[in-house]
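Novice: Take a look at the following structure, please.
2 protein chains.
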Amino acid sequence: MENGPSDPLKPPVPTLMAVARMAGVSPITVSRVVRRPDIVSSGTRLRVEDAIRKLGYVPNMVAGSLASARTKSVGVLVPTIANSIFADTVQGLSDVLEPLGFSVILAQSGYDDRREDRMLAALLSRRPEAIIMVGAPVTAEGTEMLRRAGIPVVETWELPEVPVDAAVGFDNHDAGRVVGRHFAKAGRRRLVFVGGNDRRATQRWHGFVEAARQAGLAEPRRVLIEWQSGAGAGAAVLANAPDTDAVFAANDAYAIGLLSALRRANRLGPEPAAVPQVAVVGLGDLEMGRLFSPTVSTIRIDGAAIGRAAAELALDPAKPRRVDLGFELILRESG
Amino acid sequence: MENGPSDPLKPPVPTLMAVARMAGVSPITVSRVVRRPDIVSSGTRLRVEDAIRKLGYVPNMVAGSLASARTKSVGVLVPTIANSIFADTVQGLSDVLEPLGFSVILAQSGYDDRREDRMLAALLSRRPEAIIMVGAPVTAEGTEMLRRAGIPVVETWELPEVPVDAAVGFDNHDAGRVVGRHFAKAGRRRLVFVGGNDRRATQRWHGFVEAARQAGLAEPRRVLIEWQSGAGAGAAVLANAPDTDAVFAANDAYAIGLLSALRRANRLGPEPAAVPQVAVVGLGDLEMGRLFSPTVSTIRIDGAAIGRAAAELALDPAKPRRVDLGFELILRESG
DNA sequence: TTTGAAAATGATAGCGCTATCATTTCCTCA
DNA sequence: TGAGGAAATGATAGCGCTATCATTTTCAAA
């Protein structure tokens, strides 16, 4: 593995052996200069560093990982990086891992069970030192794969009672209940939940339904959509539940899309209303929701904080294995 | 490398050797079943597959990569994944790479030259088969590192005359000129550009200035900010150039932040104006810009298409090395 | 039934680096 | 100056898999 795949005629990429020959030392001394310079005498070290510079040597971590049984990498699996809340989580975990020399291997499940398992297998074949994933593994096969790997596994954005190893999240069911209760207390009658079919959304839906029942309201409507645009979510609600007076959206992007659709349908006045015709609550506390008019009520979750906490748990097995970062209902102009 | 780092007492992770012993074949036959099942007889293949299933064997790609001189990975370097336009690009390239069995190793530069070089070295030590990065390498050292690696390198979001290897982007200078010309033609007088200090933004700034000059306008103002929130960008413009009547923002998030700040400063009426007090143009055509009120004028760039095209160029050296995806000025309510 | 070619499987020797034990060198103290 | 211990460096043997050549098995044709 000395030549790149694109140009077999180029000079070979220098190996540690080439550095050793140029510096007149044994290969393991070069390795020591790179990894443990403190145990190499300064004269020898300078000679080796000079050879490294002249040759442009870049250590081969593939070989080093095999020899040392450490990859210094973390596998990260998210449904889709295009969803800002997960991008924030990846940002947060990267901010912890990268300064420590860990590389992030990113994979996406597209909210598909089969693909999630395939991506887990692909990640595990890279022998990462930990896996951080959004949600808990969906299938028994995925769960078993992770157990067998014997590495730290941190599930995020939800809080299973018994995670494979560790979890950082919040109680999705409770979040749904809190929103449902808020709508009931505000006198809302025709409740709707719009989002996907994943477990986290389903937990929120169940909490939402429970709150409606306890308030003696009619069973809320669930508008199921696959991951898509905010505009798509808005259109789906207006098409499926045009008479709703309160919508809990799976994320702020959907909430914004719905508010925009309501505006176009002339169900949103020129100024934010004290009592909006349709109350809308999102999730994630995206900045866009704060900039939007009306400002968007939301379940505040700090996605980046989830990422940071997950990375810390992944790197330190002595840390608590189940961390509840909680959430907060933030009420703004959207109801 | 058979035990994970977190539990040395667990049964060792099965190797290809263990499968070979259980199936009663040589190790290379197991390798063939995994990589080239077509050249293994069905009886042997079934025996091996059975052993693989029973042992829960997950191939070790670290070892396979070293032995085969192929990692099936691509290093991806972005300034920050929290910026939606780059997240879209990562989504696009992943959609091409993942189905082909490539893993994405993600790194972030935080818009810092030194950190970019460190991240490039970290990526290259993983011996990726290609590098896809936002922008061209900033330093001569980074450029040299990439040349030496002898692998495909695709620079995105800008279009250098002579990329290290390949580039997919658009003419940033021209985009700035087009926006400047639009503002001049609309009778705007006090032009402002708000964004970062990176080369792409600077190219846009230069084009913007050129257009203003050609229209006989006063030199535009440049409001420099480090990567931050839309609200931060809005506040910076109002603090530094409160009398502006036209602002070109480095991205749609900044444009939205500015519009929101204008609204709070009562410089945005309750309904989108036919001739807004301050014209605002962003970049990236984010969905949020389409949902916002006023809808946001923008330089339309398809971030995901950039990612897809970049992945295709990275994988096929016969493809053109410089691809101009162009851009489009989209005029909406924000001016 | 024999022969030849193709298919299938195995043996060998690494890939580039490093854990670990062995040897050499250096330094301090008596 | 010599002895002992610590520091520095080197030798050895893999890590888990695979490229490549060698050998065996299978199949078809004469």
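One line per chain: the protein sequences are G and B, in this order. Here numbering that gives the first Met the number 0 is used: the first residue of the first sequence is 0, the next is one more, and so on. Here numbering that gives the first Met the number 0 is used: the first residue of the second sequence is 0, the next is one more, and so on. Glycine included, C-beta positions come from ideal geometry on N, C-alpha and C.
Taking 8 Å as the threshold, find out whether the segment 93-104 of chain G comes into contact with the segment 303-313 of chain G through three or more Cβ pairs.
Specialist: Touching, per the Cβ criterion.
Novice: Can you tell me whether G:Q107 is helix, strand or coil according to DSSP?
Specialist: G:Q107 falls in the strand class under three-state DSSP.
Novice: Exposed or buried, what is G:R34 when buried is set at 16 or more other beta-carbons lying within 10 Å of its beta-carbon?
Specialist: G:R34 is exposed by the Cβ-count criterion.
Novice: Would you say G:Q90 faces chain B, with C-beta separation under 9 Å as the test?
Specialist: Chain B contact via Cβ: present.
Novice: Compute the distance between the beta-carbons of G:I359 and G:L328, then report whether it is under 9 Å.
Specialist: Absent from the model: residue 359 of chain G. The displayed extent of chain G is 0 to 334, so no value can be given.
Novice: Whose C-alpha, out of G:R320, G:P78, G:A17, is nearest the C-alpha of G:R198?
Specialist: Measuring from the Cα of G:R198, the nearest candidate turns out to be G:P78.
Novice: At least one CB of chain G closer than 9 Å to the CB of B:S5: is that the case?
Specialist: Summary for B:S5: the model assigns pLDDT 42, below 50, so the residue's position carries little reliability, and this model does not support an answer.
Novice: Please report the straight-line C-alpha distance between B:A139 and B:D112, rounded to a whole angstrom.
Specialist: About 11 Å.
Novice: Just the Cα atoms here: how many angstroms apart are G:R221 and G:T201?
Specialist: If I take the Cα positions, the gap works out to 10 Å.
Novice: Grab the span of the alpha helix (DSSP H) containing B:V29 for me, first residue to last.
Specialist: Segment 26-34, the alpha helix (DSSP H) holding B:V29.
Novice: Measuring straight from C-alpha to C-alpha, what distance separates B:Q90 and B:S108?
Specialist: Each residue's alpha carbon lies about 18 Å from the other.
Novice: Tell me whether G:A278 sits in a helix, a strand or coil according to DSSP, three-state version.
Specialist: Here G:A278 sits in strand by DSSP.
Novice: Using the Cβ count rule (16 or more neighbours within 10 Å means buried), how would you classify B:P274?
Specialist: A small correction: the amino acid at residue 274 of chain B is Val; Pro does not occupy that position in the sequence shown. Exposed, since its Cβ has fewer than 16 Cβ neighbours within 10 Å.
Novice: Taking only three categories from DSSP, how would you classify B:A221?
Specialist: The question names Ala, but residue 221 of chain B is Arg in the sequence shown. Three-state result, B:R221: strand.
Novice: In terms of residues, what are the limits of the beta strand (DSSP E) holding B:R299?
Specialist: Here the beta strand (DSSP E) through B:R299 covers 296-299.
Novice: Name the chain G residues whose beta carbon is nearer than 9 Å to that of B:S25?
Specialist: Result: empty, since nearest Cβ-Cβ is about 21 Å, beyond 9 Å.
Novice: So is B:M60 buried or exposed if we call it buried at 16+ other beta carbons inside 10 Å?
Specialist: Buried, since its Cβ has 16 or more Cβ neighbours within 10 Å.
Novice: Tell me whether the segment 246-260 of chain B and the segment 223-233 of chain B touch, counting them as touching only if at least three CB pairs, one residue from each stretch, are closer than 8 Å.
Specialist: Segments in contact, yes.
Novice: Around the C-beta of G:D116, are 16 or more other C-beta atoms found within 10 angstroms, so that it is buried, or is it exposed?
Specialist: Looking at its Cβ environment, which holds 16 or more other Cβ atoms inside 10 Å, G:D116 is buried.
Novice: Counting only C-beta atoms, is B:M132 closer than 9 Å to chain G at any point?
Specialist: False, the Cβ-Cβ gap to chain G never drops below 9 Å.
Novice: Is there a Cβ from chain B that is less than 9 Å from the Cβ of G:A272?
Specialist: Output row for G:A272: interface = no.
Novice: Quick check on B:D284 - is its C-beta less than 9 Å from some C-beta in chain G?
Specialist: Not an interface residue.
Novice: For the 8 Å Cβ check, are there 3 or more pairs between the segment 132-149 of chain B and the segment 160-168 of chain B?
Specialist: They touch, by the three-pair rule.
Novice: Quick one: what does DSSP say G:F182 is sitting in, helix, strand or coil?
Specialist: In the structure shown, G:F182 sits in a helix (DSSP, three-state: H, G or I).
Novice: Looking only at its chain, what residues have a beta carbon closer than 7 Å to the beta carbon of B:F169, apart from the 5 residues adjacent to it on each side?
Specialist: Same-chain partners within the cutoff: L158, I300, D323, L324, G325, F326.
Novice: Going by DSSP, what residue range makes up the alpha helix (DSSP H) through G:I131?
Specialist: Careful: G:I131 lies outside any alpha helix (DSSP H), inside the beta strand (DSSP E) at 129-133.
Novice: Who are the Cβ neighbours of G:R203 in its own chain at under 6 Å, not counting the five residues just before and after it?
Specialist: Answer for G:R203: N171, A174, G175, listed in chain order.
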